[in-house]
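Positions 4 to 181 (our numbering) are the ones given, in order, by the sequence shown.
Right, one structure below, let's go through it.
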Amino acid sequence: MQSEEAPGRTPGESQASRVILPSSAGHHPSAGAASASHRSLPPECIFTTSFYDQSGYLREEIFYTGAQKAADTFRRAGLKSSQLRQIYAGFLSFAGPLREGRIPFEQARERFGSFYCERIVRQFQRGILPEVVKTFFDLHRDLILSNTQEMLAFFRYLTNIYCYFGESERTPDRGFRR
């Protein structure tokens, strides 16, 4: 702690110390410590053209391999179940009303923008969210924002990832499963 005399300060009043952080500061410790393979998404987890197959039905990967591998990748990168739950709840806050016809797609797009900035970008910048999660949203953002069906399909995908992720933070006395 340093003390200084300045306007608005009394002699001896504490002032915050200046702290110099290493260049790796601001990144989630477990994300920084994870190998590159833990931070990169398997190709089965990435959808660039549509979440639907040529017949107009949701792709199987959304329910099985893609969702399982994404959940595993997020877990290995250091994402906590409580963080994924917050992301899921944030997306549900506009996907639910969109699905039920209570808000138009344009409003859901706007709410996604707020969600993305506040819950994905900001949390990543604060070092709370692993980079692979931000990358996951970045890779799917254009598709999510393209139309109602794709946004709701991504929500189905996120829901499946959430289901596969499980409760990795439980302690042995509370039913540890991992």
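C-beta atoms are modelled at their ideal positions from N, C-alpha and C, and glycine is treated no differently.
In the three-state reduction of the DSSP assignment, Y167 falls in the helix class, which pools H, G and I.
One thing to note: E153 has its Cβ within 7 Å of the Cβ of F54. With 16 or more other Cβ atoms inside 10 Å of its own Cβ, G81 counts as buried. For E109, the enclosing alpha helix (DSSP H) begins and ends at 108-118. Comparing alpha carbon positions, the residue from G69, T151, T51, V135 closest to E103 is T151. Y165 counts as buried, since at least 16 other C-beta atoms from the protein chains shown sit within 10 angstroms of its C-beta. Residue environment: Q86 is assigned as buried (16 or more neighbouring CB atoms within 10 Å of its CB, all protein chains considered). F94 and L142 do not touch by the CB rule: their CB atoms are close to 16 Å apart, not below 8 Å.
Apart from the 5 residues on each side of it in sequence, A74 sits with its Cβ closer than 7 Å to the Cβ of I164, Y167, F168 in its chain, given in chain order.
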